[in-house]
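Trainee: Numbering-wise (our numbering), the sequence shown opens with residue 2 and increments by one.
The C-beta atom is built at its ideal place from N, Cα and C for all residues, glycine as well.
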Amino acid sequence: MELTNIGTIRELFARHGFSFTKSLGQNFLINPTVCPKIAELGLEGANNPSEVCAIEIGTGVGVLTRELAKRYKKVVAVEIDEKLKPILEETLADFDNVEVIFADVMETDLAAVIADRFGGAETAVCANLPYYITSPVIMRVLESRLPVRSMTVMVQKEAADRLCAPPATRECGAVSYAVRYYSVPKLMFKVNRGSFMPSPNVDSAVIRMEISERKELSETEEKMLFRLIRSGFSQRRKQLVNPLSGELHKSKEEVSALFAELGIKPSARAEELTLEDYIRVAQRVC
Ligand code: SAM
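#1: Helix, strand or coil for N129, going by three-state DSSP, please let me know.
#2: Give a single yes or no on whether G8 has its beta carbon closer than 7 Å to a heavy atom of ligand 1.
#3: What do you reckon, is the C-beta of N193 under 7 Å from a heavy atom of ligand 1?
#4: Examine ligand 1 and report whether any of its heavy atoms sits within less than 7 Å of the Cβ of D110.
#5: From the DSSP output, in three-state form, read off M2 for me.
#6: Round the Cβ separation of P186 and M210 to the nearest angstrom and send it over; I've been treating them as touching at under 8 Å.
#7: Can you name, in chain order, every residue of its own chain whose Cβ lies under 7 Å from the Cβ of D82, other than the five neighbours on each side?
#8: Relative to the alpha-carbon of V156, which residue among V286, I139 and A169 has its alpha-carbon at the smallest distance?
#9: Who does S205 pair with in a DSSP beta bridge?
#10: Using a Cβ-based criterion (distance less than 7 Å to any ligand heavy atom), does P131 qualify as near ligand 1?
#11: Is it true that the segment 98 to 118 meets the segment 27 to 34, where meeting means three or more beta-carbon pairs spaced less than 8 Å apart?
#12: According to the Cβ coordinates, are A112 and S136 closer than 8 Å?
#13: With a threshold of 8 Å, are at least 3 pairs of Cβ atoms found where one atom belongs to the segment 3 to 17 and the other to the segment 112 to 122?
#14: Do you know offhand how far E214's Cα is from T124's?
#15: Would you kindly check if the distance between the Cβ of E68 and the Cβ of A40 is under 8 Å?
#16: Please list the segments of the beta strand (DSSP E) lying wholly inside the segment 39 to 114, counting only runs of 3 or more residues, in order along the chain.
#17: Ordered along the chain, which non-local residues of its own chain (more than five positions away) have a Cβ less than 7 Å from that of S252?
#18: Can you determine whether any heavy atom of ligand 1 sits closer than 7 Å to the C-beta of T60, and answer yes or no?
#19: Need the endpoints of the alpha helix (DSSP H) that P137 sits in, please.
#20: Going by DSSP, name the residue or residues bridged to L30.
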């Protein structure tokens with residue numbers, strides 16, 4: 002079954018009476034080279050590639066799901082749109098190692114899914130993410146410290162640039178710091194807008210995040226770290242001491258003194274601090 006063939010997809014849709022729901026970010030991949038690459042990237046660096054399991058978010062008609070099923074021991078995919086159920090029953094019929102859970106990924110306990118279905122096996126997250134919840138999904142996986150080795154996801158090109166931007170650069174945002182804290186992100190390749198059906202208005206890119214084991218901060222310090230970053234970026238044009246004095250209930254002079262003590266320029270803006278700077282501030286104020 003060639004799920005990147007427009008004729009095949011149209012025929013499937015017609016037979017099952019399926020139509021796209023734009024609000025669910027349904028842009029399905031029709032470029033045959035992309036899904037095999039995403040699937041392979043999830044296996045990179047695996048200790049035992051034949052034992053690795055995969056979580057997919059958003060199956061569409063199953064084009065990536067099939068590539069995952071060919072390579073991974075087990076695949077669990079979470080898809081919100083139940084209208085895709087009869088289509089997936091047909092497109093995934095050749096595989097007995099795939100389970101599709103029809104649910105909102107933001108309300109799915111992925112840790113429980115991994116424990117129940119994969120029993121502690123190495124796991125990779127692979128997806129062509131719905132663009133409207135790119136950052137929330139990534140943050141949910143990272144912040145919940147899901148036991149996964151890597152996350153390989155397609156996102157809009159602009160989001161990919163921001164997610165992979167090193168902290169303390171003009172392109173970075175609060176999410177860039179969070180991604181760097183939990184992982185080593187890398188932009189792998191760009192994907193032209195013509196690779197999707199229907200075609201979106203912007204190009205996309207695949208990024209891979211290799212999950213890091215971070216243990217230097219306590220839970221309280223970690224929470225403080227992200228409060229500081231979020232607060233700073235909520236007023237990124239202002240000097241950081243301004244939002245932080247409100248956030249920490251300290252005077253600007255006290256925050257400036259704290260910065261000076263840590264070797265941080267008191268006039269710095271949110272984007273001028275490195276992740277390590279924020280970590281030191283969090284540790285100092287906790
Ligand atoms: N993997 C397919 C592909 O590459 O062609 C589909 C990708 S499409 C960009 C995103 C998919 O995510 C759609 O099938 C959409 O229905 C699904 N989706 C949207 N919001 C979701 C949510 N909150 N939870 C789970 N799936 C969701």
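Mentor: Looking at the coordinates:
#1: strand
#2: no
#3: no
#4: no
#5: coil
#6: 5 Å
#7: T22 and L25
#8: I139
#9: Q157 and V192
#10: yes
#11: no
#12: no
#13: no
#14: 15 Å
#15: yes
#16: 54 to 58, 76 to 80 and 99 to 103
#17: S246
#18: yes
#19: T135 to E144
#20: F197
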